[in-house]
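Participant: Residue numbers (the working numbering), protein chains in the order written: chain A, 1 to 475; chain B, 1001 to 1361. Next up is a structure, given as structure tokens.
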Amino acid sequence: MSITFDDIADIASWLFLVYGILICLGYLFSAIFSIFEIRDYKRSNNYKDEIALLQASELPPVSILAPAYNEGLNIVENVRSLLTINYPSFEIVIINDGSKDDSLERLIEEYDLEKQDYLFHYFIKTQTIRGVYKSKNTAFKNLLVIDKENGGKADALNTGINVCTHDIICCIDVDCILEYDAMLKLIKPFLNNRKKVIASGGVIRVANNCVIEDGRILEVRLPDKFVARVQVIEYFRAFLMGRMAWSRVDGLLLISGAFGMFDKQIAIEAGGYNHNTVGEDMELLVRMRRMMREKKIPYKVGFVPDPLCWTEVPQSWEILKRQRNRWTRGTAETLLLHKKMIFNPKYGVLGMLSTPFWLFFEWMAPLIEFSGSLFFICLLWFGLISWEFFLTFLFVVYSFAVLFSITALFFEEYSFQQYKKPKYIFTLIGTAFLEPIVYHPFVMWSAVRGNWDLIIGKKSWGEMTRTGLSKSAKK
Amino acid sequence: MAVIYSIDFDWLLGFFPDDLPFVIEANIVMTFIFFVFAVFFVGFIILLRIFKNFRNKKKEEQRLLLEDILNAYLFDEEFDKERELQKFKDEHLNKPLEIKIAIKEILLFHSNIKGESATQLRELFLQWELDEFCKKQLANSAWYSKSRALFSLSEMLIKVELENIKPLLNHKQDEVRQQAQLYFIKLAEDNPLEFLDHIDKPLTLWEEIFIEDALKNEYHGPMPDYSNWLHSVQNSVVDFAIRMIAKFNQFENISELLPLLEHSCEQVRRETIRSLCALEHYEVIDTLISQFEEETNLVKKTILDAIEHLGSYNDLMMLKDKIQDNEWDLKIKYYGIAQYFLPEKKQSIYIQYEKEKALLL
Chain A
1 MSITFDDIAD IASWLFLVYG ILICLGYLFS AIFSIFEIRD YKRSNNYKDE
51 IALLQASELP PVSILAPAYN EGLNIVENVR SLLTINYPSF EIVIINDGSK
101 DDSLERLIEE YDLEKQDYLF HYFIKTQTIR GVYKSKNTAF KNLLVIDKEN
151 GGKADALNTG INVCTHDIIC CIDVDCILEY DAMLKLIKPF LNNRKKVIAS
201 GGVIRVANNC VIEDGRILEV RLPDKFVARV QVIEYFRAFL MGRMAWSRVD
251 GLLLISGAFG MFDKQIAIEA GGYNHNTVGE DMELLVRMRR MMREKKIPYK
301 VGFVPDPLCW TEVPQSWEIL KRQRNRWTRG TAETLLLHKK MIFNPKYGVL
351 GMLSTPFWLF FEWMAPLIEF SGSLFFICLL WFGLISWEFF LTFLFVVYSF
401 AVLFSITALF FEEYSFQQYK KPKYIFTLIG TAFLEPIVYH PFVMWSAVRG
451 NWDLIIGKKS WGEMTRTGLS KSAKK
Chain B
1001 MAVIYSIDFD WLLGFFPDDL PFVIEANIVM TFIFFVFAVF FVGFIILLRI
1051 FKNFRNKKKE EQRLLLEDIL NAYLFDEEFD KERELQKFKD EHLNKPLEIK
1101 IAIKEILLFH SNIKGESATQ LRELFLQWEL DEFCKKQLAN SAWYSKSRAL
1151 FSLSEMLIKV ELENIKPLLN HKQDEVRQQA QLYFIKLAED NPLEFLDHID
1201 KPLTLWEEIF IEDALKNEYH GPMPDYSNWL HSVQNSVVDF AIRMIAKFNQ
1251 FENISELLPL LEHSCEQVRR ETIRSLCALE HYEVIDTLIS QFEEETNLVK
1301 KTILDAIEHL GSYNDLMMLK DKIQDNEWDL KIKYYGIAQY FLPEKKQSIY
1351 IQYEKEKALL L
């Protein structure tokens, strides 16, 4: 029996179809789980002002770890903003990761820092610490600055873990904007659980173009640039539909590196952040969960559906490309490091649902999509395209993509309704219609390039130039 | 899927040529369905926005009306209470939303007012029969109605048959359980923690914070003897009772606490040490030093904290050889406390630590 090209084309077409149906079903289920999670969360928040009570309570002290590399321009302002965090007991640990600019000098001057004989131990192996600084001014007594040799973000965070004093750590990006009660909300899963909570995360939002004053969001605005605006919808999809659903089934694999809380001891036992991957935030959580599962210790990962942290997203295509390239490598590296978990019933939901989902629908989706495009070119070359089939399939995929984004917008409207102006909603709807045509192919290509870079062994983060959020305040 | 299958799409396919392959027909139908859903959601978003705006406007209007009448009721001596309150009830307390806003507003006023005015608000709550609404909500099967009703009733100190509340202490929803606990405390005349004997799930730290707050600020009877719960089957209850003994300075219970230093639960042992420390029971130091070696890492840390607060440099020195070579977190704590006891030797202690580190690594 001989297999003709037509047979191969037929089989491939059916495989692409089955994959498409599976991915759509995956999204459909995540939407259903998310809406229940959002509904329950909304219903459980109608009582006494919990925040006021928590401010006055003896909550566990938290060490806030913020790595900084060449942040000299904004570091003083960013630290000042961090020092105003609303939480009863905390220390801020700034880790200067061998900056080439004057970050450290600025901090020393502004906060009256002096080098200390500080007792610490390298629980996790890191680059050498050059010095630990504390302020002579008691107003900044909870500020600790570590100066170390450059080793990357993961290494800087591990240094912070080694030096900090409290049992709960909160890892944040030094330039992100926190909601005034973000810490009080993020600690809640640690307090309100009967199982050991190893980590908790919250919803991250896009801060581009928002009006910011003294490190606080005064007015939520939609970014002017299309590329940033699409990411608003992407974040809705990722947090309000994706993570919300994973949280409901206790299958979260990722807590954003921009703002997440961890149990320090468990993080140390798991080995801290892995500096051999560019997706260190995802990898740490997966490793912590894997360790707990292997030790058979009941545990939980908390997720707070409230928008807690605002961050600047790439405004240019070039930076977006680097970011998505890195995200892809991070995902792939994590899945490869923990391939033992995939389809392994020993790991429960993580093994049977989360890791396979990430493998097939996060890591492989762009690759399959790209090979689908190549397949299409092949068929075109051999004149085997049935245009009726092609166009109708294209419309199905396009309409589903639009529907998925519109559903995410609906979830935002139903839950937090952050974009108050009616024109924002219409702009976002328009963006949702354009995204599959203009934005998605670019992101897919960036992910494919990420996979290529992974194969050739590229390890770099890629420079992430930021416009700087403080400029928005002048508006 | 069966629903979609049973819908007749012939009219839609009528726009296309006959004899289309099944896959193309299916694609056309799916595209249509997805677009219809997308348009439906767009419509829904717009409607939701209009509905929310309308509802918020209505809420604000109702809130302002309530603010006026409550201010007049509480502070205006010429206010015709009988007539005006009845008029308001007839005109503005008919729909569930209006009633819910009224409850919320009264609770808000109540939380900011004490004494005679608070009693007046409670009377108004009863006069407007808002308690009846809450009781109906309590009987509602939805957990969020139950918990909200419990919250309102407990804030306004309205008594309900305790037999109706008791089962809610073990409700499957955390929020209901928590509100039931607070109901028992707020309405108790004595023995506010009696409910602790009836709970079948451990208390969370979150619940403990709220219970402590209610005991401090909302309960007005005699403070219970927390030692009654030191032998509870729930370790979380024991843990909470130990902490409360220290918080409320029940020095008479120190002798009851001491045996708990050998409790099987690590958390209970830690809390016992902390409480004895808070109660400044200096005699415990010798026991802690003798137990140090057999303890877990977390308890060892707590013992070191206790020595910092109650002990001396000599007490600390007795632990030096009991810290294992690989217990670096304890070593750091140990040297840190040594620096606290001997601030003038801070640098030499640091050097000593660095030497030990160099020797061991």
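Ideal placement from N, C-alpha and C gives every residue a C-beta, glycine not left out. Just so you know, these numbers come straight off a predicted model, no measurement behind them.
(1) What's the C-alpha gap between residue 1092 of chain B and residue 1173 of chain B?
(2) Under 8 Å by Cβ, that's how I've got residue 1185 of chain B and residue 1150 of chain B pegged, so tell me the actual separation to the nearest angstrom.
(3) What does residue 121 of chain A touch in chain B if you count any residue whose Cβ is under 8 Å from its own?
(4) Just checking my contact of residue 286 of chain A with residue 253 of chain A at CB under 8 Å: how many whole Å lie between their CB atoms?
(5) Anything in the stretch 1180-1209 of chain B with a Cβ closer than 8 Å to a Cβ of chain A? List those residues in chain order, please.
(6) Listing by chain order, which chain B residues have their CB less than 7 Å from the CB of residue 43 of chain A?
(7) So with CB distances below 9 Å, who are the chain B contacts of residue 141 of chain A?
(8) Roughly how many angstroms lie between the CA atoms of residue 84 of chain A and residue 1141 of chain B, to the nearest whole one?
(9) To be precise: take each residue of the stretch 1276-1309 of chain B, compare its Cβ to all Cβ atoms of chain A, and keep it if any distance is under 8 Å. Which residues remain?
(10) With three or more C-beta pairs closer than 8 Å as the rule, is the stretch 302-322 of chain A touching the stretch 425-437 of chain A?
(11) Hey, is residue 1024 of chain B's beta-carbon within less than 8 Å of any beta-carbon in chain A?
(12) Find the nearest neighbour of residue 1065 of chain B within the set B:1053, B:1085 and B:1077, judged by alpha-carbon distance.
(13) Taking 7 Å as the cut-off, does the CB of residue 1098 of chain B come closer than this to any heavy atom belonging to the ligand SAH?
(14) Exposed or buried, which one is residue 333 of chain A when buried takes at least 16 other CB atoms within 10 Å?
(15) Spatial neighbours of residue 313 of chain A within its chain, please: C-beta separation below 7 Å, excluding the five flanking residues on both sides.
(16) Roughly how many whole angstroms lie between the Cα atoms of residue 1071 of chain B and residue 1063 of chain B?
(17) Does residue 1110 of chain B pass the burial test, meaning 16 or more other C-beta atoms within 10 Å, or should it be called exposed?
(18) Got a sec? Which residues, its chain only, sit under 7 Å from residue 1011 of chain B by beta carbon, not counting five neighbours each side?
(19) Beta-carbon within less than 7 Å of residue 472 of chain A's beta-carbon, same chain only, minus the 5 sequence neighbours each way: which residues are those?
(20) List, from N- to C-terminal side, the alpha helix (DSSP H) runs of 4 residues or more that fit wholly inside the stretch 25-103 of chain A.
(21) From residue 378 of chain A to residue 222 of chain A, what does the alpha carbon distance come to, in whole angstroms?
(22) Spell out the partners DSSP gives residue 253 of chain A in its beta bridges.
(23) Quick check on the burial criterion: 16 or more other C-beta atoms within 10 angstroms. Buried or exposed for residue 138 of chain A?
(24) Cβ closer than 7 Å: which chain A residues qualify as neighbours of residue 1030 of chain B?
(25) When we look at the beta-carbon of residue 10 of chain A and count the other beta-carbons within 10 Å, is it buried (16 or more) or exposed?
(26) Label residue 1317 of chain B either buried or exposed according to how many other C-beta atoms from any shown protein chain fall within 10 Å of its C-beta, with 16 as the threshold for buried.
(27) Given 8 Å as the limit, is there contact between the stretch 77-92 of chain A and the stretch 60-69 of chain A, that is, 3 or more CB pairs closer than that?
(28) In whole angstroms, give me the CA-to-CA distance for residue 58 of chain A and residue 88 of chain A.
(29) For the beta strand (DSSP E) that residue 117 of chain A lies in, which residues bound it at each end?
(30) DSSP state of residue 472 of chain A, grouped into three classes?
(31) With a threshold of 8 Å between beta carbons, is residue 1049 of chain B in contact with chain A?
(32) Of all Cβ atoms in chain B, is any one closer than 8 Å to the Cβ of residue 16 of chain A?
(33) Please list, in chain order, the chain B residues whose beta carbon lies closer than 9 Å to that of residue 371 of chain A.
(34) Return the residues of the stretch 413-445 of chain A that lie within a Cβ-Cβ distance of less than 8 Å from chain B, sorted by chain order.
(35) Taking the alpha-carbon of residue 1095 of chain B as reference, which of B:1130, B:1049 and B:1115 has the nearest alpha-carbon?
(36) Please report the distance separating the alpha-carbon of residue 1230 of chain B from that of residue 1241 of chain B.
Facilitator: Quick look at the numbers:
(1) Walking along the second sequence from the start, residue 1092 of chain B turns up at place 92. Walking along the second sequence from the start, residue 1173 of chain B turns up at place 173. Cα to Cα, residue 1092 of chain B sits roughly 33 Å from residue 1173 of chain B.
(2) Here residue 1185 of chain B refers to the residue found at position 185 when the second sequence is read from its first residue. Here residue 1150 of chain B refers to the residue found at position 150 when the second sequence is read from its first residue. That belief does not hold up - the Cβ atoms of residue 1185 of chain B and residue 1150 of chain B are roughly 12 Å apart, past 8 Å.
(3) For this step, residue 121 of chain A is matched to residue 121 along the first sequence. Listed along chain B are 1328, 1329, 1331, 1332 and 1357, each with a C-beta nearer than 8 Å to that of residue 121 of chain A.
(4) Against the first sequence, residue 286 of chain A aligns to sequence position 286. Against the first sequence, residue 253 of chain A aligns to sequence position 253. Residue 286 of chain A to residue 253 of chain A, Cβ: 6 Å. Contact.
(5) For the stretch 1180-1209 of chain B, the residues whose beta carbon sits under 8 Å from a beta carbon of chain A are, in order, 1201, 1202, 1204, 1205, 1206, 1207 and 1209.
(6) Residue mapping note: residue 43 of chain A aligns to position 43 of the first sequence, counting from 1. Correct list: 1144.
(7) As a first step, residue 141 of chain A must be located in the first sequence, where it is residue number 141. Near residue 141 of chain A there are no residues of chain B at all, since even the closest Cβ is about 15 Å away, more than 9 Å.
(8) Position 84 of the first sequence, counted from the start, is the residue given in the question as residue 84 of chain A. Position 141 of the second sequence, counted from the start, is the residue given in the question as residue 1141 of chain B. If you draw a straight line from the Cα of residue 84 of chain A to the Cα of residue 1141 of chain B, it comes to about 43 Å.
(9) Taking 8 Å as the Cβ-Cβ cut-off against chain A, none of the residues of the stretch 1276-1309 of chain B qualify.
(10) The stretch 425-437 of chain A, when compared against the stretch 302-322 of chain A, does not touch it at the 8 Å Cβ threshold.
(11) The sequence position of residue 1024 of chain B within the second sequence is 24, counting from 1. Any Cβ of chain A closer than 8 Å to the Cβ of residue 1024 of chain B would place that residue at the interface, and such an atom is present.
(12) The residue given as residue 1065 of chain B occupies position 65 in the second sequence. Here the closest residue by C-alpha is B:1085.
(13) Within the structure as shown, the ligand SAH is missing, as the structure has no ligands at all.
(14) Walking along the first sequence from the start, residue 333 of chain A turns up at place 333. Buried is the call here.
(15) As a working note, residue 313 of chain A is residue 313 in the first sequence. So the list reads 206, 208, 228 and 231, once near-sequence residues are dropped.
(16) Along the second sequence, one-based indexing puts residue 1071 of chain B at 71. Along the second sequence, one-based indexing puts residue 1063 of chain B at 63. Spanning the two alpha carbons is a distance of roughly 12 Å.
(17) Walking along the second sequence from the start, residue 1110 of chain B turns up at place 110. It is buried - the Cβ of residue 1110 of chain B has at least 16 other Cβ atoms within 10 Å.
(18) In the second sequence, counting from the first residue as 1, residue 1011 of chain B sits at position 11. Taken in chain order, the list of residues that qualify is empty.
(19) To locate residue 472 of chain A, count along the first sequence from 1; it is residue 472. Confidence at residue 472 of chain A is low in this model, with a pLDDT of 48, below 50, so the placement of that residue should be treated as unreliable; the coordinate-derived value is given next. Cβ neighbours of residue 472 of chain A beyond the five flanking positions: 209, 210, 211 and 212.
(20) The stretch 25-103 of chain A contains these whole alpha helix (DSSP H) runs: 50-56 and 75-83.
(21) If you number the first sequence from 1, residue 378 of chain A lands on position 378. If you number the first sequence from 1, residue 222 of chain A lands on position 222. Per the coordinates, the alpha-carbon of residue 378 of chain A lies some 41 Å from the alpha-carbon of residue 222 of chain A.
(22) Position 253 of the first sequence holds residue 253 of chain A. Its beta-bridge partners do not exist; DSSP assigns none.
(23) Walking along the first sequence from the start, residue 138 of chain A turns up at place 138. By the 10 Å Cβ count, residue 138 of chain A comes out exposed.
(24) Along the second sequence, read from residue 1 onward, the residue named residue 1030 of chain B stands at position 30. Here the neighbours are 396.
(25) Indexing the first sequence from 1 puts residue 10 of chain A at position 10. Its Cβ having fewer than 16 others within 10 Å, residue 10 of chain A is exposed.
(26) Your numbering for residue 1317 of chain B matches position 317 in the second sequence. Exposed.
(27) Contact check between the stretch 77-92 of chain A and the stretch 60-69 of chain A: three or more CB pairs, one atom from each, fall below 8 Å, which counts as touching.
(28) On the first sequence, residue 58 of chain A is found 58 positions in, with the first residue counted as 1. On the first sequence, residue 88 of chain A is found 88 positions in, with the first residue counted as 1. Those two C-alpha atoms are separated by around 7 Å.
(29) Working through the first sequence from its first residue, we reach residue 117 of chain A at position 117. Looking at the DSSP string, residue 117 of chain A is not in any beta strand (DSSP E), and its letter there is neither H nor E.
(30) The residue labelled residue 472 of chain A in the question sits at position 472 within the first sequence. Summary for residue 472 of chain A: the model assigns pLDDT 48, below 50, so the residue's position carries little reliability; its value from the coordinates is reported in the next sentence. In the three-state DSSP reduction, residue 472 of chain A falls in the helix class (H, G or I).
(31) Residue 1049 of chain B sits at position 49 when you count from the first residue of the second sequence. It does: the Cβ of residue 1049 of chain B has a partner Cβ on chain A nearer than 8 Å.
(32) Numbered from 1 along the first sequence, position 16 holds the residue referred to as residue 16 of chain A. Residue 16 of chain A does not count as touching chain B.
(33) Taking the first sequence and counting its residues from 1, one reaches residue 371 of chain A at position 371. Simply none; closest approach about 21 Å.
(34) Of all residues in the stretch 413-445 of chain A, 413, 414, 417, 422, 425 and 429 have a Cβ within less than 8 Å of some Cβ in chain B.
(35) Numbered from 1 along the second sequence, position 95 holds the residue referred to as residue 1095 of chain B. Closest option to residue 1095 of chain B, Cα to Cα, is B:1130.
(36) As a first step, residue 1230 of chain B is located in the second sequence; it is residue number 230 there, counting from the start. As a first step, residue 1241 of chain B is located in the second sequence; it is residue number 241 there, counting from the start. Residue 1230 of chain B and residue 1241 of chain B have their C-alpha atoms spaced approximately 6 Å apart.
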